[in-house]
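Shown next, in structure tokens, is the structure this report addresses.
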Amino acid sequence: MTATRPPLPWALLAFWLRRTLPLWGATALMIFLVQIAVCGIVHDNEHVKAFLSMLKFLPGIVKTALGGEALQLGNVTGLLAMGYQHPLVLTLYMLFAVAVPTGLLAGQVQQGTMELILSRPTTKTQVYVCAAVVTVLGMAGLVAVMFLGTAAGTRAYTFDEHVALDPFLRAAVVAGLAASTVGAITLLAAASFRRRGTAVGVTAGFLVVNYAVAVIAPWWPWLEPVTPFSLFYYIDLTAAFLGRAGPVSDMAVLGSVLVVSAVAGGVIWQRRDLPL
Amino acid sequence: MDTLEIRSLTKWYGSTRGVEDVTFAIERGEVFGYLGPNGSGKTTTLRCILGLLRPTRGEVRVLGQPVRPGRATHHARIGYLPGDFRIWPQLKARSALGVLAALGGPDRKTRVRREEIAERIGLNLDRPVGDLSKGNRQKVGVVFAFQHQPDLLILDEPTAGLDPLVRQIVLEMIREAAAAGATVLLSSHDLSEVSAACGRAGILREGRLVELAPISRIVQQGHRRLRVWLKEGEQVPAVPADPLPGVQVVQRGPGVLEIAYEGTADVVLRWVSQLPVDRIATPETSLEEAFIQYYTTPTKCRTTSGGDRP
Chain A
67 MTATRPPLPW
77 ALLAFWLRRT
87 LPLWGATALM
97 IFLVQIAVCG
107 IVHDNEHVKA
117 FLSMLKFLPG
127 IVKTALGGEA
137 LQLGNVTGLL
147 AMGYQHPLVL
157 TLYMLFAVAV
167 PTGLLAGQVQ
177 QGTMELILSR
187 PTTKTQVYVC
197 AAVVTVLGMA
207 GLVAVMFLGT
217 AAGTRAYTFD
227 EHVALDPFLR
237 AAVVAGLAAS
247 TVGAITLLAA
257 ASFRRRGTAV
267 GVTAGFLVVN
277 YAVAVIAPWW
287 PWLEPVTPFS
297 LFYYIDLTAA
307 FLGRAGPVSD
317 MAVLGSVLVV
327 SAVAGGVIWQ
337 RRDLPL
Chain B
441 MDTLEIRSLT
451 KWYGSTRGVE
461 DVTFAIERGE
471 VFGYLGPNGS
481 GKTTTLRCIL
491 GLLRPTRGEV
501 RVLGQPVRPG
511 RATHHARIGY
521 LPGDFRIWPQ
531 LKARSALGVL
541 AALGGPDRKT
551 RVRREEIAER
561 IGLNLDRPVG
571 DLSKGNRQKV
581 GVVFAFQHQP
591 DLLILDEPTA
601 GLDPLVRQIV
611 LEMIREAAAA
621 GATVLLSSHD
631 LSEVSAACGR
641 AGILREGRLV
651 ELAPISRIVQ
661 QGHRRLRVWL
671 KEGEQVPAVP
681 ADPLPGVQVV
691 QRGPGVLEIA
701 YEGTADVVLR
711 WVSQLPVDRI
721 ATPETSLEEA
731 FIQYYTTPTK
741 CRTTSGGDRP
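Chains A and B supply the protein sequences, listed in that same order.
Under this note's numbering, think of the first position of the first sequence as 67, with each following residue one higher.
Under this note's numbering, think of the first position of the second sequence as 441, with each following residue one higher.
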């Protein structure tokens, strides 16, 4: 009699997807509404003109806080891009990216239900893969909703100039990759700690430091050498909007961080004793 | 072939000992009691069997295959009830059990059996787990362990929190499963539960197996007892320490003396025969008394013997 590798636990994947759906739905709705709202605000020409002229006098750090360097494009596309870089949207992505993997791994360990799951024909690697798939699918879904929000908004409102959607698709892909990278880093934390709060704290701390470095560094030369170590250094949506080649190398860095984090998390999860 | 084999199992958590050099085997259809106080290493052993913990040394074989941590070796054929059974509180018991059962693949028989067991132990599967009392949550755990008709049952305190009637039903279910060919590892410190269900037991002390024998032999190895009723009006004498070493007075009342002794009854009976005895009785030592003795006497280890089967 030989022990065979259990098949992928589709039931667990489906269960976790169902459990994540309310959070995903709420996050997606807010991201969608933000895009519609941005379109609604931007389509008003007089206000847009006033806003664009005001932007010239704003320092870059304020522009970043308002919606990133995309504002510097100085056209309607640049203003609509605010919806992709707005701190509220970033926060929603980060919340989802942090809440889901920690809830599915460290959260289940803490609740004691992971012991039940792992006592069934399900390997630890399969459990980890399920958590990763839920995170990645959720992120991909949020990115799709964000793009659909822009598409719907640009159809619902009229604009003085033509608004092409392909730059938004490129930007959405970059945003999705960035958010998935955060998800992978969270997976690593969730696989390493028993308590969900610890995993959330470590990841949130990491993100805050990274974001602070990316925002503050341009205005504080002392921080400049460390900016390449910030994850946000590689999230260049402006370049994505402009269709420059820059994002490819940035995406390669983000993709590498994603893969390394996800694999490291998987190895740690497989090797550590559960539940502690 | 033994269903479960544990050889020299050792697990250290850093510098803290979980279990050390534990060896035993359980054959098909056997109900094996695994005894020990809190922190003696029972749960560590069970988690090593399930591959939830990585042993520091030693080997565990389930259904003839070595257990590889995290690989779910034969888990479709194992029914597990953890000591601290916790399940998604917001789900209805039926849904929660369904999710866990579905991890072994869709199986109509499991669904039918789930309903049967729930009915047998009086569990309402339509209520959210969080609304259930402690006893009813434990019943959910019992259904979880038994619902897929496993070949190996690993039960950690299965009757904790259950009322006496349900407790009897669960013990019956354990015996029925064994009669049908399942192997049961019953970890507990409820000794009446173990003596009611198990033929053989292992006793853990500070992570080491100090006894591995049939329950009847474990009980015999404890102090034996003698209760003496004296003739009416006779004073109960003091027990002389000199000719009766190791004899302890368990109970002393008007006209009644109960003593515990080790070894043969020869010397004790010789001393009793000098008393004005009305009648005598030899109360059976309970497993609980035998168990307590393992924790009041210096450690003696049985780590290599498989222990005779009853």
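For glycine and all other residues, C-beta sits at the position ideal for the given N, C-alpha and C.
Bear in mind that the values here come from a model prediction, so they are computed numbers and not experimental data.
TODO: Report all residues from its chain with a CB closer than 8 Å to the CB of Leu715/B; omit the five preceding and five following residues, and keep chain order.
DONE: Taking the second sequence and counting its residues from 1, one reaches residue 715/B at position 275. Around Leu715/B: Val668, Leu670, Glu674, Pro677.
TODO: Determine the direct distance from the alpha carbon of Ile518/B to that of Met67/A, and round the result to whole angstroms.
DONE: Within the first sequence, the letter at position 1 stands for residue 67/A. Within the second sequence, the letter at position 78 stands for residue 518/B. Unreliable positioning characterises Met67/A in this predicted model, as indicated by a pLDDT of 49, which lies under 50. The coordinate reading is nonetheless provided below. Roughly 15 Å separates the two Cα atoms.
Open item on the list: So Tyr520/B contacts chain A; which residues on that side make the cut at Cβ distance below 9 Å?
Closed with: As a first step, residue 520/B is located in the second sequence; it is residue number 80 there, counting from the start. Glu181, Leu182, Ser185, Arg186, listed in chain order.
Open item on the list: Any beta carbon from chain A within less than 8 Å of Trp452/B's own beta carbon?
Closed with: Walking along the second sequence from the start, residue 452/B turns up at place 12. No, no contact with chain A.
Task: Thr269/A: first and last residue of the uninterrupted alpha helix (DSSP H) it sits in - done: Reading the first sequence from its first residue, position 203 is the one you call residue 269/A. Unbroken alpha helix (DSSP H) run through Thr269/A: 262-282.
Open item on the list: What would DSSP say about Arg615/B, mapped onto helix, strand or coil?
Closed with: Within the second sequence, residue 615/B is the residue found at index 175, counting from 1. Three-state result, Arg615/B: helix.
- [ ] Could you tell me which chain A residues have their CB closer than 8 Å to the CB of Leu540/B, listed as they occur along the chain?
- [x] Translated into the one-based positions of the second sequence, residue 540/B becomes position 100. Going along chain A in sequence order, the residues near Leu540/B (Cβ under 8 Å) are Leu182, Ile183, Arg186.
Open item on the list: I'd like to confirm the pairing. Which residues does DSSP put opposite Arg719/B in its beta bridges?
Closed with: Along the second sequence, read from residue 1 onward, the residue named residue 719/B stands at position 279. Answer is Trp669/B.
Task: Terminal residues of the alpha helix (DSSP H) in which Tyr194/A lies - done: Reading the first sequence from its first residue, position 128 is the one you call residue 194/A. Per DSSP, Tyr194/A belongs to the alpha helix (DSSP H) from 190-222.
Open item on the list: As a quick exercise: from His629/B, Ile446/B, Gly469/B, pick the residue whose alpha carbon is nearest that of Arg487/B.
Closed with: Against the second sequence, residue 487/B aligns to sequence position 47. Measuring from the Cα of Arg487/B, the nearest candidate turns out to be Ile446/B.
- [ ] For chain B, find out if any of its Cβ atoms is closer than 8 Å to the Cβ of Pro313/A; answer yes or no.
- [x] Taking the first residue of the first sequence as position 1, residue 313/A is located at position 247. For Pro313/A, the answer is no, since every Cβ of chain B falls outside 8 Å of its Cβ.
Open item on the list: By the 8 Å beta-carbon criterion, what residues does the segment 74-102 of chain A contribute toward chain B?
Closed with: Pro75, Ala77, Leu78, Phe81
- [ ] Would you mind telling me which residues of chain B sit closer than 7 Å to Leu340/A, beta carbon to beta carbon, in chain order?
- [x] Indexing the first sequence from 1 puts residue 340/A at position 274. Within chain B, the residues near Leu340/A are Leu492.
TODO: Would you please verify whether the beta carbon of Arg526/B is less than 8 Å from any beta carbon of chain A?
DONE: In the second sequence, counting from the first residue as 1, residue 526/B sits at position 86. Chain A contact via Cβ: present.
- [ ] Please list the partners that Arg511/B has in chain A, where partner means a Cβ-to-Cβ separation under 9 Å.
- [x] The residue labelled residue 511/B in the question sits at position 71 within the second sequence. Neighbours of Arg511/B on chain A, chain order: Ala69, Arg71, Pro72, Thr189, Lys190, Thr191.
Task: Partner residues on chain A for Gly516/B, Cβ-Cβ distance less than 9 Å - done: In the second sequence, counting from the first residue as 1, residue 516/B sits at position 76. Note that residue 516/B is Ala in the sequence shown here, rather than Gly. Neighbours of Ala516/B on chain A, chain order: Pro72, Arg186, Pro187.
Task: Backbone CA spacing between Ile594/B and Pro522/B [nearest angstrom] - done: Numbered from 1 along the second sequence, position 154 holds the residue referred to as residue 594/B. Numbered from 1 along the second sequence, position 82 holds the residue referred to as residue 522/B. C-alpha separation (whole angstroms): 8 Å.
TODO: List the residues of chain A whose Cβ lies closer than 8 Å to the Cβ of Phe584/B, in chain order.
DONE: The residue you call residue 584/B lines up with position 144 of the second sequence. Neighbours of Phe584/B on chain A, chain order: Leu182.
Open item on the list: Based on DSSP bridge pairs, tell me the residues matched to Pro568/B.
Closed with: Numbered from its first residue, the second sequence carries residue 568/B at position 128. Paired residues: Lys532/B.
Open item on the list: So, with DSSP's three-state summary, where would you put Gly169/A?
Closed with: Along the first sequence, read from residue 1 onward, the residue named residue 169/A stands at position 103. The answer is helix: DSSP assigns Gly169/A an H, G or I state.
Open item on the list: Would Gly178/A pass as an interface residue toward chain B - the criterion being a Cβ-Cβ separation below 8 Å?
Closed with: Position 112 of the first sequence, counted from the start, is the residue given in the question as residue 178/A. Yes, Gly178/A lies at the interface with chain B (some Cβ there is under 8 Å from its Cβ).
Open item on the list: Is it buried or exposed, Gly458/B, if we count other Cβ atoms within 10 angstroms and call 16 or more buried?
Closed with: Here residue 458/B corresponds to residue number 18 of the second sequence, with the count starting at 1. Label assigned to Gly458/B: buried.
Task: Beta-carbon proximity of Ala365/A to Ala265/A, cut-off 8 Å - done: In the structure as shown, chain A starts at 67 and stops at 342, and residue 365/A therefore has no counterpart that could be examined.
TODO: For Asp442/B, collect the residues of the same chain with a Cβ closer than 7 Å to its Cβ; drop the 5 residues on either side in sequence, then sort them by chain order.
DONE: Indexing the second sequence from 1 puts residue 442/B at position 2. Answer for Asp442/B: Ala465, Ile466, Glu467, listed in chain order.
Task: Host alpha helix (DSSP H) of Arg640/B (start-end) - done: Within the second sequence, residue 640/B is the residue found at index 200, counting from 1. Arg640/B -> not in any alpha helix (DSSP H); beta strand (DSSP E) instead, spanning 640-645.
Open item on the list: Would Leu543/B pass as an interface residue toward chain A - the criterion being a Cβ-Cβ separation below 8 Å?
Closed with: Position 103 of the second sequence, counting from 1, holds the residue named residue 543/B. For Leu543/B, the answer is yes, since a Cβ of chain A falls inside 8 Å of its Cβ.
Open item on the list: For Val108/A, count the other beta carbons within 10 Å of its own beta carbon; 16 or more makes it buried, fewer makes it exposed. Which is it?
Closed with: Numbered from its first residue, the first sequence carries residue 108/A at position 42. Classification for Val108/A: buried.
Task: Boundaries of the beta strand (DSSP E) in which Arg648/B is found, first to last residue - done: On the second sequence, position 208 is the one that residue 648/B refers to. Where Arg648/B is concerned, the enclosing beta strand (DSSP E) stretches over 648-654.
Open item on the list: If distances are taken between C-alpha atoms only, which option among Ala218/A, Phe234/A, Asp302/A, Thr157/A comes closest to Thr314/A?
Closed with: Start at 1 with the first residue of the first sequence, and residue 314/A comes out as number 248. Before going on, a small fix: residue 314/A reads as Val here, not Thr. Closest by alpha carbon: Asp302/A.
TODO: Kindly indicate if chain B contains any beta-carbon less than 8 Å away from that of Gln336/A.
DONE: One-based indexing of the first sequence puts residue 336/A at position 270. So yes, Gln336/A belongs to the interface.
Open item on the list: Taking contact to mean 3 or more Cβ pairs, one atom from each stretch, closer than 8 Å, check whether the segment 176-191 of chain A and the segment 504-513 of chain B are in contact.
Closed with: yes
TODO: Express the C-alpha separation of Cys196/A and Ala77/A in angstroms, rounding to a whole number.
DONE: For the purposes of this step, residue 77/A is taken as the residue at position 11 of the first sequence. For the purposes of this step, residue 196/A is taken as the residue at position 130 of the first sequence. Using only the alpha carbons, I get a separation of about 10 Å.
TODO: Pick helix, strand or coil for Pro506/B, following the three-state DSSP scheme.
DONE: To locate residue 506/B, count along the second sequence from 1; it is residue 66. The answer is strand: DSSP assigns Pro506/B an E or B state.
- [ ] Locate the beta strand (DSSP E) running through Arg338/A, then write down its first and last residues.
- [x] Counting from one through the first sequence, the residue named residue 338/A turns up at place 272. From DSSP, Arg338/A is part of no beta strand (DSSP E); its letter is neither H nor E.
Task: Cβ-based burial, Met834/B [other Cβ within 10 Å; buried from 16] - done: It is not possible to answer for residue 834/B, since the shown part of chain B is limited to 441 through 750.
- [ ] Give the DSSP-derived three-state secondary structure of Ser246/A in the structure shown.
- [x] What you label residue 246/A is simply residue 180 of the first sequence in a count that begins at 1. Helix at Ser246/A.
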